[in-house]
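Engineer: Handing you this structure, nothing more for now.
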DNA sequence: CCTATACTTCGATGGGCAACGAACTGTTTG
DNA sequence: CAAACAGTTCGTTGCCCATCGAAGTATAGG
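Protein chains in written order, with the UniProt record's numbering: chain W, 1 to 230; chain V, 1 to 230.
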């Protein structure tokens with residue numbers, strides 16, 4: 001028996017769900033709330049849609065804390081959506097009003113209490129490159145070298161070790177789809193940057209704004225390649 | 001400004017319409033009544049669906065006397081439907097118990113205008129093994145050797161080269177999950193086999209039936225291993 | 001003309017389902 | 001602990017649209 005394409009197609013054929021899928025076409029993993037916002041629907045409705053999409057194996061989900069990160073299940077799904085995109089554009093259908101994501105939000109923002117966005121990912125890569133942190137299968141740890149480095153910066157590493165919260169934790173970045181640094185050390189780094197006025201929080205937003213001086217100090221402090229920092 | 005895939009997808013995502021589209025995947029032009037019968041709906045309902053499909057440029061229609069013949073608008077539509085077929089089968093939608101007609105459909109069938117199923121895959125593998133075609137990362141091309149071979153068979157390769165449509169294209173086979181040959185060459189091979197009466201189309205179905213003589217001629221012509229051909 | 005056939009239009013019906021408010025579980029933070 | 005937040009479940013509402021009966025238009029053949 002031939003597979004029934006109407007099942008999958010009708011899943012894609014709902015406006016809210018197609019907007020969710022389009023948002024995920026970037027390959028990035030997004031949370032349920034972000035997708036609800038993207039599709040301009042309530043969280044309940046999004047939850048319903050997302051469970052359908054996961055149930056039909058169009059999406060996969062990864063739970064992280066109280067967040068759920070959704071992604072396209074595989075390359076084949078992305079390719080099929082791409083075909084539909086091409087077809088839709090050649091057949092000349094209407095255009096969608098796509099809310100352009102805030103470029104500042106993409107650049108650097110706060111993720112609970114630590115730095116995310118391009119900046120956060122650059123920091124993570126720099127620390128990894130200098131072997132301040134090491135990546136095992138899933139977990140990351142602060143290396144001896146890293147421990148010395150941060151002690152010199154004034155971090156009470158021993159105090160952090162006593163805490164229940166892990167010092168280093170990798171957190172999936174939704175705009176970059178790469179890891180950035182969470183955990184108590186990630187929190188410290190952001191707080192430190194804010195305290196030194198390298199950066200400031202923008203009101204009513206998750207955006208973090210670095211000053212010109214802040215960028216140069218921050219990149220020098222953690223040996224971040226200037227190129228990876230816009 | 002992205003095109004909105006939900007419009008097209010919801011058109012395909014209706015059970016009756018998807019059955020109509022599947023029936024047209026045979027490449028044949030069918031009348032409204034035939035399509036209504038195929039989808040098991042009334043003539044009025046079919047008329048409604050067909051006007052929508054034509055209105056969105058998924059189908060084209062040709063009026064002939066008091067009949068209207070419907071066809072898929074172009075290859076792109078056929079290819080997109082094939083992608084959806086593949087996706088539906090790999091996502092493991094419910095497979096229904098196989099009826100008697102199913103083995104034939106799996107064995108050889110028409111995929112818009114070229115050969116698919118076990119036969120189509122065997123042909124593809126044979127051509128690849130003899131280096132008539134070569135597979136690059138994604139695309140496939142007709143080799144010099146293949147060009148000579150098909151010119152001897154009477155294919156106007158130079159003419160095909162002028163066409164907008166690619167000569168060789170790999171098309172993922174939903175039942176075999178391997179590639180078979182599409183493109184203008186794939187079309188020629190099927191037409192040639194039908195013209196030489198090695199095979200015939202079954203009425204009201206996508207099944208291609210090879211005669212006993214047809215199998216031996218076909219396998220000899222393209223050096224297909226008899227074992228790969230049930 | 002008349003009849004048969006092919007297809008369309010109109011109107012009414014009904015079912016499926018997207019949407020959301022309210023209330024719930026589970027996680028993080030202070 | 002309480003409060004804030006992420007996500008879910010449930011029940012209700014409303015509407016879109018597939019469906020078909022009935023009637024209308026168009027073509028073909030006597």
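Where a beta carbon is used, it is the ideal one built from N, C-alpha and C, also for glycine.
1) Residue 144/V versus chain W: which residues are under 7 Å apart at the beta carbon?
2) Does the beta-carbon distance from residue 59/W to residue 84/W come in below 9 Å?
3) According to the neighbour-count rule (16 or more other Cβ atoms, all chains shown, within 10 Å of its Cβ), is residue 129/V buried or exposed?
4) Which of the three DSSP states, helix, strand or coil, is assigned to residue 218/V?
5) Are the C-beta of residue 3/V and some C-beta of chain W separated by less than 9 Å?
6) Would you identify the three-state DSSP class for residue 40/W, choosing helix, strand or coil?
7) Grab me the residues of residue 21/W's own chain with a C-beta within less than 7 Å of its C-beta, minus the 5 sequence neighbours each way, in chain order.
8) What is the C-beta distance between residue 31/V and residue 67/V, in whole angstroms, given that I count them as a contact (C-beta under 8 Å)?
9) Would you call residue 163/V buried or exposed, if buried means 16 or more other Cβ atoms sit within 10 Å of its Cβ?
10) Can you check which of these residues, 214/W, 16/W and 180/W, is closest to residue 195/W by C-alpha distance?
11) At a Cβ threshold of 9 Å, is residue 66/V touching chain W?
12) Measuring only the C-alpha atoms, how far is residue 7/V from residue 211/W?
13) Which residues bound the alpha helix (DSSP H) around residue 80/W?
14) Could you say which of 191/V, 152/V, 118/V and 133/V lies nearest to residue 178/V if we only look at CA atoms?
15) Once you ignore the five residues that flank residue 142/W on each side, which residues in its own chain have a CB closer than 8 Å to its CB?
16) With 9 Å as the threshold, decide whether the Cβ of residue 185/W is near any Cβ in chain V.
17) Which bits of chain V does residue 88/W rub up against, with CB to CB less than 8 Å?
18) According to DSSP, which residues form a beta bridge with residue 49/V?
19) Figure out for me which residue from 207/V, 217/V and 182/V has the closest Cα to the Cα of residue 197/V.
20) Who are the Cβ neighbours of residue 140/W in its own chain at under 6 Å, not counting the five residues just before and after it?
21) Quick one: is residue 71/V near chain W, going by C-beta distance under 9 Å?
22) What residues from chain W crowd round residue 13/V, counting only those whose CB sits closer than 9 Å?
23) Give, in chain order, every residue of the region 19-47 of chain V whose Cβ lies closer than 9 Å to some Cβ of chain W.
24) Inspect the beta-carbon positions of residue 70/W and residue 77/W and report whether they are closer than 9 Å.
25) Smallest Cα separation from residue 226/V: which of 145/V, 52/V, 144/V and 123/V?
26) Using the C-alpha atoms, what's the distance from residue 40/W back to residue 106/W?
27) Taking residue 172/V as the reference, give the member of 205/V, 47/V, 193/V and 112/V with the closest Cα.
28) Which one of 16/W, 5/W and 14/W has the shortest CA to CA distance from residue 16/V?
29) In three-state terms, what does DSSP make of residue 124/W?
30) In whole angstroms, what is the alpha-carbon distance linking residue 55/V and residue 48/V?
31) Strictly under 9 Å for the Cβ-Cβ distance: is residue 17/V near chain W by that measure?
Structural biologist: Walking through what the data contain:
1) Locating residue 144/V in the second chain gives position 144, where the first residue counts as 1. The contacting residues do not exist; residue 144/V stays about 30 Å from chain W at best.
2) Residue 59/W sits at position 59 when you count from the first residue of the first chain. Residue 84/W sits at position 84 when you count from the first residue of the first chain. No, the Cβ-Cβ distance between residue 59/W and residue 84/W is not below 9 Å.
3) As a first step, residue 129/V must be located in the second chain, where it is residue number 129. That one is exposed.
4) Numbered from 1 along the second chain, position 218 holds the residue referred to as residue 218/V. Looking at residue 218/V - three-state DSSP - the assignment turns out to be helix.
5) For the purposes of this step, residue 3/V is taken as the residue at position 3 of the second chain. Chain W contact via Cβ: present.
6) In the first chain, residue 40/W corresponds to position 40, counting from 1. Coil, per DSSP.
7) For the purposes of this step, residue 21/W is taken as the residue at position 21 of the first chain. Spatial neighbours of residue 21/W in its own chain (CB-CB distance under 7 Å, excluding positions within 5 residues in sequence) are listed in chain order as 12 and 81.
8) Walking along the second chain from the start, residue 31/V turns up at place 31. Walking along the second chain from the start, residue 67/V turns up at place 67. Residue 31/V to residue 67/V, Cβ: 5 Å. Contact.
9) Position 163 of the second chain holds residue 163/V. When all chains shown are included, residue 163/V counts as exposed.
10) Within the first chain, residue 195/W is the residue found at index 195, counting from 1. When only C-alpha atoms are compared, the closest one is 214/W.
11) Start at 1 with the first residue of the second chain, and residue 66/V comes out as number 66. It does not; no Cβ of chain W falls within 9 Å.
12) As a first step, residue 7/V is located in the second chain; it is residue number 7 there, counting from the start. As a first step, residue 211/W is located in the first chain; it is residue number 211 there, counting from the start. Their backbone Cα atoms lie some 45 Å apart in a straight line.
13) The residue given as residue 80/W occupies position 80 in the first chain. It spans 75-90 - the alpha helix (DSSP H) in which residue 80/W sits, taken as one unbroken run.
14) On the second chain, position 178 is the one that residue 178/V refers to. Looking at the Cα atoms, 118/V is the closest of the given residues.
15) In the first chain, counting from the first residue as 1, residue 142/W sits at position 142. Closer than 8 Å at the Cβ level, and outside the excluded window around residue 142/W, lie 132, 133, 150, 157, 167, 168 and 185.
16) As a position in the first chain, residue 185/W is number 185, starting the count at 1. It does not: the Cβ of residue 185/W has no partner Cβ on chain V nearer than 9 Å.
17) Within the first chain, numbered from 1, the residue matching residue 88/W stands at position 88. Within chain V, the residues near residue 88/W are 3, 4, 5, 7 and 8.
18) Translated into the one-based positions of the second chain, residue 49/V becomes position 49. Answer by DSSP bridge pairing: none, since residue 49/V is not bridged.
19) Along the second chain, one-based indexing puts residue 197/V at 197. Nearest of 207/V, 217/V and 182/V to residue 197/V, Cα basis: 217/V.
20) As a working note, residue 140/W is residue 140 in the first chain. Once the five neighbours on either side are set aside, the close Cβ partners of residue 140/W are 133, 168 and 170.
21) Walking along the second chain from the start, residue 71/V turns up at place 71. Not closer than 9 Å to any Cβ of chain W, the Cβ of residue 71/V fails to qualify, so no.
22) The sequence position of residue 13/V within the second chain is 13, counting from 1. Neighbours of residue 13/V on chain W, chain order: 5, 6, 7, 8, 9, 10, 11, 12, 13 and 14.
23) 19, 21 and 22
24) Position 70 of the first chain, counted from the first residue, corresponds to residue 70/W. Position 77 of the first chain, counted from the first residue, corresponds to residue 77/W. The Cβ atoms of residue 70/W and residue 77/W lie no closer than 9 Å to each other.
25) On the second chain, residue 226/V is found 226 positions in, with the first residue counted as 1. Cα-wise, what sits closest to residue 226/V is 123/V.
26) Taking the first residue of the first chain as position 1, residue 106/W is located at position 106. Taking the first residue of the first chain as position 1, residue 40/W is located at position 40. Residue 106/W and residue 40/W have their alpha carbons spaced roughly 20 Å apart.
27) Here residue 172/V corresponds to residue number 172 of the second chain, with the count starting at 1. Considering only alpha carbons, the answer is 112/V.
28) The residue you call residue 16/V lines up with position 16 of the second chain. It is 5/W.
29) Looking up residue 124/W in the first chain gives position 124. Reduced to three states, the DSSP call for residue 124/W is helix.
30) On the second chain, residue 55/V is found 55 positions in, with the first residue counted as 1. On the second chain, residue 48/V is found 48 positions in, with the first residue counted as 1. Cα-Cα distance, rounded: 11 Å.
31) The count along the second chain starts at 1 and reaches residue 17/V at position 17. So, interface residue.
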